[in-house]
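Only one structure is covered here, and it is reproduced in the block below.
Number of protein chains: 2
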Amino acid sequence: MPPFPARRAAILLVLVPGLALPGIVAAGAETNAGLEPAALKAMAERLRTEERSTQGAYERLAWLCDRIGPRLSGSPQAAAAVGWAAATLRKDGLKDVRQEPVMVPHWIRGDEEITLVTPVTRRLEGLALGMSVPTPPEDLTGELVEVDSLDALKALGDKVRGRIVLFNAAMWRDPDGEGYGKISPLRHAGPSAAARQGAIGTLIRSLGTLDARLPHTGTLSYEEDAPKIPAAALSAEDAMHLHRLLQAGETVRVRMRLDCRTLADAPSANVVGDWRGRERPDEIVLLGAHLDSWDVGAGAHDDGAGIVMVMEAIHLLKSLDLHPRRTLRAVLYMNEENGTRGGRGYAADHAEELPRHVAAIESDRGAGPPLGFSVAGGPGATETVRGFAQGLDAIGATAITEGGDGGVDISRMRAAGVPLLGLKSDMSGYFDWHHSRADTLDKIDRASLADGVVALAVMAYALAESDTPLPRLPPQP
Amino acid sequence: MPPFPARRAAILLVLVPGLALPGIVAAGAETNAGLEPAALKAMAERLRTEERSTQGAYERLAWLCDRIGPRLSGSPQAAAAVGWAAATLRKDGLKDVRQEPVMVPHWIRGDEEITLVTPVTRRLEGLALGMSVPTPPEDLTGELVEVDSLDALKALGDKVRGRIVLFNAAMWRDPDGEGYGKISPLRHAGPSAAARQGAIGTLIRSLGTLDARLPHTGTLSYEEDAPKIPAAALSAEDAMHLHRLLQAGETVRVRMRLDCRTLADAPSANVVGDWRGRERPDEIVLLGAHLDSWDVGAGAHDDGAGIVMVMEAIHLLKSLDLHPRRTLRAVLYMNEENGTRGGRGYAADHAEELPRHVAAIESDRGAGPPLGFSVAGGPGATETVRGFAQGLDAIGATAITEGGDGGVDISRMRAAGVPLLGLKSDMSGYFDWHHSRADTLDKIDRASLADGVVALAVMAYALAESDTPLPRLPPQP
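Going line by line, the protein sequences match chains A and B.
266 is the number of the first residue of the first sequence in the numbering used here; add one for each residue after it.
266 is the number of the first residue of the second sequence in the numbering used here; add one for each residue after it.
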């Protein structure tokens with residue numbers, strides 16, 4: 266039963282002038298009883314009051330960060346996170362809570378030391394990039410050549426042969442994380458591109474927005490047919506220092522020692538649990554986030570916040586008996602950071618069931634204030650979501666953008682036509698901490714985290730309750 | 266010859282209403298030709314234009330940070346800094362540029378690793394405190410007990426026996442650096458106080474104002490008759506994590522491995538150079554800062570900025586032929602950070618000459634926007650300095666406070682009655698970087714650094730030019 270009585274759109278428009286897009290609301294009000302903006306607003310307010318009081322998401326995140334901590338795929342902590350997540354979903358009363366096996370890459374960092382050796386000696390603050398090969402036993406020392414783009418690298422042609430390439434471009438701060446999108450190909454594709462031109466190693470100015478001598482790691486993506494060379498991130502300050510030396514015409518030499526290794530793939534799991542719908546339990550709205558994190562911080566923003574938002578959104582709806590007609594499914598993915606085995610595994614293992622996945626929402630943009638959702642769906646999906654999001658105006662999460670793929674993990678269901686939503690947060694501060702030692706619990710704002718839970722819960726409820734599912738994406742072969 | 270014609274105070278007051286303290290200006294205008302606020306303002310403007318154009322201080326600082334870097338007493342880099350400073354002062358045309366020998370403590374960091382071992386395992390971000398003894402060869406592991414003050418430690422009495430004490434108090438951000446003054450006794454005195462009660466080691470939440478998993482080192486001060494126990498600083502995040510575990514009632518155990526060592530005292534030097542006064546060369550206005558820095562950053566704010574301000578203030582006056590009647594002396598002290606041997610050595614070696622030191626100004630508060638000066642002098646000294654500082658109102662450095670000791674290095678001349686001034690900077694951001702890996706060149710704002718040079722130059726000029734020296738402090742036995 267819908268928790269709030271349906272109201273007429275006409276009354277709504279009088280009560281909240283300028284709020285509604287009349288076409289949407291009128292349609293929604295007539296066909297989606299209980300999902301009118303005023304009803305969803307009242308629900309959001311109720312959820313918000315409850316979450317701010319219980320601090321349920323924050324308490325879960327505190328446990329994940331403080332008692333489990335960094336949890337890179339294949340690590341004991343990742344295994345502990347899987348166990349904790351499954352136990353917590355069971356305690357929440359979800360059904361069929363299960364660990365769905367996936368084999369994950371098992372990369373370990375080991376000792377590492379990056380040193381400027383010419384023209385002065387200085388220990389540099391760096392971190393191997395995830396999945397990097399180690400340096401040779403005798404270390405790796407080379408002359409530095411600096412570029413600020415893949416095009417600039419290409420233009421150097423043979424001049425990088427035998428050198429260490431420094432990818433040195435500053436990232437800008439913005440609420441959408443667009444700066445990261447623009448610059449991250451340097452980290453992903455840079456090592457193989459440089460290797461093809463004969464480079465012996467690569468360094469990259471950390472993809473981050475706060476200069477606090479804090480290196481930010483992240484994965485690289487070796488191309489199969491290119492030589493694999495060691496790659497590490499440097500703190501912004503160190504990259505600027507090297508730049509100044511190079512600009513002064515110096516020959517700059519750096520020594521890299523990375524003892525990282527990739528072991529055999531390790532067994533791990535996605536954690537999945539259902540709150541079965543009251544009328545159409547076979548139709549699924551999936552809420553996803555990722556359990557794994559990088560190995561150097563506590564994975565608070567990335568993606569502990571998403572994990573606890575997903576858990577708590579369902580728990581909160583359940584505890585207030587806001588039971589939608591379709592099933593809400595928590596999927597806590599493994600290995601988003603360095604392999605996406607969880608995302609791919611889920612899509613493959615559930616291929617038959619994907620036609621009954623009516624929507625998926627991913628939360629993997631940190632715990633900044635929620636802003637709204639990205640929507641990739643069939644014709645009209647965006648407008649429907651925009652209508653639902655009007656219930657979130659008190660928490661400011663009404664911005665709906667069309668496009669994207671919702672997030673790395675759920676994107677693997679795109680080919681099956683599943684409508685994909687991504688919870689958007691204000692990412693202005695996110696990349697200060699992302700993939701660094703400093704992605705720790707204290708960086709989480711309790712109120713913003715609670716608002717994220719509410720945004721996710723309300724949108725998930727609306728998608729699971731609506732008379733008609735969102736129009737699907739055109740299936741791809 | 267004074268560079269600007271004297272003007273009548275009455276005219277000044279009309280031209281710049283509300284600017285002057287009439288009593289001061291009237292006195293100054295009659296007795297200190299060329300040092301009226303309007304004249305000093307014009308001088309400041311000229312110096313500022315020149316410094317902003319040449320970026321002389323910044324260029325020197327870039328060299329010190331990028332080519333020499335961290336320069337803890339006794340290190341090869343400290344020796345390089347001494348050589349560079351002496352060569353630079355000679356190139357600037359100063360006379361009698363000399364390296365005045367001092368023996369300095371020679372502490373070296375070595376490897377270090379601090380690990381949370383119970384109830385979870387986590388590598389903690391820490392740095393040994395300067396002058397700490399090492400941990401025993403088998404490492405040091407103990408249960409943590411947390412206090413937020415020396416009083417709280419005392420109240421625990423025997424309960425800290427066999428434990429590691431965590432001094433855990435957050436520092437506040439303020440423009441005056443008062444937060445540091447309040448909290449730094451925990452770092453200085455905490456280890457010996459804890460050792461007297463039977464503790465086996467101490468940790469301290471870093472004295473810093475930015476939480477970026479960045480530990481801040483700094484010296485401790487062992488008491489002679491207390492047991493010496495190892496001591497380290499932790500990042501704020503780690504201290505908060507430990508606090509949460511302790512608050513939850515956990516037994517928290519930490520392992521410390523500090524391989525730091527104190528070697529035999531090493532030979533080093535203060536670097537001293539004079540620009541001899543045009544009329545009273547035997548009377549000296551001393552400009553001081555310290556050449557040494559901690560071993561983990563580049564010593565940009567602490568105290569590379571002070572060093573280049575002192576050098577450049579004299580160089581700038583000299584290059585514009587603003588030649589005061591008394592001698593301007595640059596004293597670039599060694600070992601402010603962990604022993605003050607330079608400050609004590611200079612005062613002892615120059616004891617006979619100190620009666621002719623008419624004033625000393627220290628710059629050791631970073632390169633934030635200059636705010637004014639602290640003044641410790643005889644009756645009327647503060648008012649005279651306040652009058653001179655009115656020439657600095659365009660750069661906002663007019664705030665004059667009475668008291669203090671000017672700075673750690675020059676304070677050693679207090680007993681001899683030397684009037685002591687400290688250049689005050691806005692320290693709101695200073696403790697984000699102070700004593701950390703992130704005290705690097707990029708943290709320096711060029712305009713603020715240039716303004717600091719101008720503030721120092723104008724005040725030094727006025728003190729060296731004035732008809733009557735500042736009233737001296739009452740000599741102490």
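We treat Cβ as the ideally placed atom computed from N, Cα and C, and that holds for glycine.
The Cβ atoms of V519 of chain A and T380 of chain A sit closer than 8 Å to each other. When 7 Å is used as the limit between beta carbons, E390 of chain B is near these residues of chain A: R702, in chain order. Each residue's CA atom was taken as its position, placing M308 of chain B and V537 of chain B some 26 Å apart. Nearest CB-CB separation between G334 of chain B and chain A: below the 8 Å threshold. Contiguous alpha helix (DSSP H) elements confined to the segment 634-671 of chain B occur at 646-654, taking only those with 4 or more residues. In chain order, D331, R332, I333, G334 make up the part of chain B whose C-beta sits under 8 Å from the C-beta of V385 of chain A. Within the segment 546-566 of chain A, no residue places its CB atom closer than 7 Å to a CB of chain B. Restricting attention to A:A458, A:P739, A:G358, A:Y445, the CA atom closest to the CA of I579 of chain A is found in A:G358. Residue range 591-598 is occupied by the beta strand (DSSP E) that includes Y598 of chain A. Counting only Cβ-Cβ distances below 7 Å, T482 of chain A has no contacts in chain B at all, with the closest Cβ about 13 Å away. As DSSP reads the structure, A625 of chain B sits in a beta bridge with B:L551, B:L685. In terms of CA proximity to H555 of chain A, A:R630 leads the group A:R522, A:R630, A:H588. Just so you know, the alpha carbons of S584 of chain B and A632 of chain B end up roughly 22 Å apart. Excluding sequence positions up to five before and after P366 of chain B, its CB lies within less than 7 Å of the CB of P532, A534, all in the same chain and listed in chain order. Contact between H622 of chain B and I549 of chain B holds: their C-beta atoms lie close to 5 Å from each other, under 8 Å.
Under a 10 Å Cβ-count criterion, L528 of chain B is classified as exposed, with fewer than 16 other Cβ atoms of the shown protein chains found around its own Cβ. Contact between the segment 557-574 of chain B and the segment 709-725 of chain B is established, with three or more Cβ pairs separated by less than 8 Å.
Non-local C-beta neighbours of H481 of chain A in its own chain, meaning closer than 7 Å and more than five positions away in sequence, comprise S471, L472, G473, A498, H699, H700, S701, ordered along the chain.
The segment 402-418 of chain B and the segment 457-470 of chain B touch, with no fewer than 3 CB-CB distances between them shorter than 8 Å. Around the C-beta of I494 of chain A, 16 or more other C-beta atoms lie within 10 Å, and the residue is accordingly described as buried.
Listed by position along chain A, the residues whose Cβ is nearer than 9 Å to that of L510 of chain B are D331, R332. For A477 of chain B, the residues of chain A that pass the 9 Å Cβ criterion are L475, A477, R478, L479, D697, W698, S701, R702, A703, in the order they occur in the chain. At the C-beta level, S693 of chain B and R452 of chain B stay beyond 8 Å of one another.
In the three-state reduction of the DSSP assignment, G375 of chain B falls in the coil class.
By the 16-neighbour rule on beta-carbons within 10 angstroms, R387 of chain A is buried.
Per DSSP, W559 of chain A lies in no beta strand (DSSP E) segment and is marked neither H nor E. For G407 of chain B, the enclosing beta strand (DSSP E) begins and ends at 405-412. Residue environment analysis places A659 of chain A among the exposed positions, since fewer than 16 neighbouring C-beta atoms fall within 10 angstroms of its C-beta. Under the three-pair Cβ rule at 8 Å, the segment 502-522 of chain B does not count as touching the segment 726-734 of chain B. Residues of chain B whose Cβ lies closer than 9 Å to the Cβ of D707 of chain A are, in chain order, D476, A501, E502, M505, H506.
Residues M368, V369, P370, H371 of the same chain have their beta carbon placed closer than 7 Å to that of D530 of chain A, with the five preceding and five following residues left out of the count. When rounded, the separation of the alpha-carbon atoms in S690 of chain B and C330 of chain A is 38 Å. Counted as a single uninterrupted DSSP element, the stretch harbouring V536 of chain B is not any alpha helix (DSSP H) but the beta strand (DSSP E) occupying residues 526-540. Nearest to A298 of chain A by alpha-carbon distance, out of A:G427, A:Q462, A:D732, is A:D732. When secondary structure is reduced to three states using DSSP, T705 of chain B falls in the coil class, being assigned neither helix nor strand.
In the structure shown, the three-state DSSP call for D361 of chain B is strand.
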